[in-house]
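Take a look at the structure below.
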Amino acid sequence: MRINVKTGGIAAASGDLLAIGLFAEGAGAKGPALPAGVRGLDRELGGVIRSALATGDFKGRLDQRMLLYPSGNAGKTSVGRVLLLGMGPAQGVDAERIRRFAGGAASEARERKLGRLVVLAPRARGLRAEDCAQALAEGAVLGAYRYDRFKSQGKGGARKTANATTTLLFGSPDGVTQLRARARKGLFCAESQNLARDLSNAPGNELPPAGLAREARRVARETGLSCRVIRGAELERGGFSALLAVGSGSANPPQLIVLEHRGGRGKKKTGPLCIVGKGITFDSGGISLKPSGGMGDMKHDMSGAAAVVGALRAAALLRVPAHVVGVIAAAENMPSGTAYRPGDIIQSRAGKSIEITNTDAEGRVVLADALDYATKRFKPEAMIDLATLTGAAMIAFGPWATGAMGNDEDLIEEIRQAGEATSERMCPIPLLPEHLKEMSSPVADLKNSGGREGGASTAGAFLKEFVGDTPWAHLDIAGTGWTNRRTPYHRQGATGVGVRMLVAWIQARVQQNA
Ligand code: BES
Ligand code: MN
Ligand code: ZN
């Protein structure tokens, strides 16, 4: 999508769909009033907005939509349709409500296969215009997203023209350079989130571990990241026994993918920021086979990996002055004659032995090697892993929040704040000594699955054994990586959660270190 920013009023509005966000008026009012800035335009359109509002049907409730067809087009205006979108009460408007507004507009344009969307920036008191610009761009790009590459009719021209350009119109003529810069940032972040959604939505047959590696290499080539993929004998030599064990049941061999953004070179003596992703391209459960209902959703068990690719892409495009490393442990968890079994005792790269009590607890096993590799190879200043790790986190938080835990309270708080700023909510949960005790084995250093109780925390406690002293946080995105609910900028399927938050976190770190 192309995003244009125009300032200085809406006199020359022209496009297939003009989106106007309106705040709900106080109780008792019939509905929102026609904003002063829109009156002239409405006259040119034959007064269609005024008469629609006069009916009182449009209350301005959050996400309310009303589509209007102008009865005229005078002056320089040429507007095919007007879409009124409710923004809720004017008080306390934040970036998320702006994002939802633009998302609703772009989604409507996409549905109607309209190529030119014009979005009138709402006058949001308490929100800086440049923050508004970024949120509008994000909403527009996210709201237009569809996963339709396997729909025959989606491959034609209609798909290319739908939402080809979005123009953001700002009333005030001030600060256009700044507004453009922030709209561009929003575009990069949201496109990267859409890339993460594409990777997660891709079915297991389309994107096995080697396919994920190929996509990482492509993104690296396009954005100037470096990419290294370790597989086969090199994984064996590198001691990645746990990753290899999980992948051993599949004909599609495991891959360790390393993406690197070397920004801010020479500025710092400390190690890079590391983000580690679980990349199980399909999780059948292995020999501890999952029940068949909903098993297909486990194609998104690489959503942590997808967030890593998305965040690295955005960091590269934004030229963030920081050294950021992404590490992905990619494997397919399948049952077969060569698969690892319950009861097996396997080695890990860190030298700790693991008793496999459930082959469906595979995420922590592959992450054990990835976290150990990242810790020893890069000596990170801080490390975050993202993983669709446990059903327990999904049950606890649903699609509304990510479970956050780790060994460093300050880091967890930093991430939580980055998530608040980008509307990707995180809830801290404890890692207690008792959780680790639950993972002790009579025959090995650790076992890979505890009981049902405290499942998200016991998984986290297992991971903690592989990070040494590195300040580390673990994000369980099992609930937030996928949604069955439709919102203005989300649809059924992968959410791309984590990308916006990670970019915000990395940038906050840069400012802190400056
Ligand atoms: N990938 C699943 C967790 C998951 C469940 C992600 C639902 C997204 C939605 C993970 O590999 C898994 O199977 N976890 C088991 C662990 C158990 C066997 C200790 C679980 O949570 O049931
Ligand atoms: Mn599993
Ligand atoms: Zn899994």
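If you want my numbering, it's the position in the sequence shown, counting the first as 1, plus 729. Ideal placement from N, C-alpha and C gives every residue a C-beta, glycine not left out.
Non-local C-beta neighbours of Pro818 in its own chain, meaning closer than 7 Å and more than five positions away in sequence, comprise Phe752 and Ala753, ordered along the chain. For Arg828, the CB contacts under 6 Å within the same chain, skipping 5 residues up- and downstream, are Ala864, Glu867 and Gly868 in chain order. For Gln922, the enclosing alpha helix (DSSP H) begins and ends at Val905 to Asn930. A Cβ-Cβ distance of about 5 Å is found for the pair Val1228 and Ser921, placing them in contact under the 8 Å criterion. In this structure, the straight-line span from the alpha carbon of Leu941 to that of Asp877 is close to 19 Å. Per DSSP, the unbroken beta strand (DSSP E) holding Ile1057 starts and ends at His1052 to Asn1062. Around the ligand ZN, the residues whose beta-carbon falls short of 5 Å from at least one of its heavy atoms are Ile1009, Asp1012, Asp1030 and Gly1092, given in chain order. Inter-residue distance for Val1005 and Ala1034 is about 7 Å (C-alpha atoms, whole angstroms).
Every beta strand (DSSP E) stretch that sits fully inside the region 1086–1163 and reaches 3 residues is listed by chain position as 1111–1116, 1131–1135 and 1155–1157. Counting along the chain, the unbroken beta strand (DSSP E) around Leu1002 starts and ends at Leu1002 to Asp1012. Cβ atoms of Asp1089 and Gly1014 come within 8 Å of each other, at about 4 Å.
By the criterion of at least three beta-carbon pairs nearer than 8 Å, the region 1115–1135 is not in contact with the region 1097–1104.
In the displayed model, Arg841 falls within coil according to three-state DSSP, outside both helix and strand. The Cβ atoms of Leu747 and Val847 sit closer than 8 Å to each other. Where Asn733 is concerned, the enclosing beta strand (DSSP E) starts and stops at Arg731 to Thr736. In the same chain as Gly993, and ignoring 5 residues on each side of it, the C-beta atoms closer than 6 Å to its own belong to Pro1050 and Ala1051, in chain order. DSSP places Val811 in the uninterrupted beta strand (DSSP E) bounded by Ser807 to Pro818. The C-beta distance from Gly815 to Asp792 rounds to 6 Å, short enough to fall under 8 Å.
Taking the Cα positions, Ala1059 is about 13 Å away from Leu928. Using a C-beta cut-off of 8 Å, the region 1148–1160 makes no contact with the region 1054–1074, since fewer than three inter-stretch Cβ pairs fall below that distance. Using a cutoff of 7 Å, the CB of Ala1122 does not count as near the ligand MN, since none of the ligand's heavy atoms is closer than that.
Between the region 1157–1169 and the region 1131–1142, the count of Cβ pairs shorter than 8 Å is three or higher; the stretches touch. At a Cβ-Cβ threshold of 8 Å, Leu812 and Ala783 do not count as neighbours. Ile1113 is a Cβ neighbour of Leu1204, given a cutoff of 8 Å. Of the other Cβ atoms in all chains shown, fewer than 16 fall within 10 Å of the Cβ of Gly1080; this residue is therefore exposed.
At the C-beta level, Leu1118 and Arg1093 come within 8 Å of one another. Residue pairing by DSSP places Gln984 opposite Arg960 and Ala1059 in a beta bridge. Out of Phe1011, Val1037 and Leu1041, the CA that lies nearest to the CA of Gly953 is found in Leu1041.
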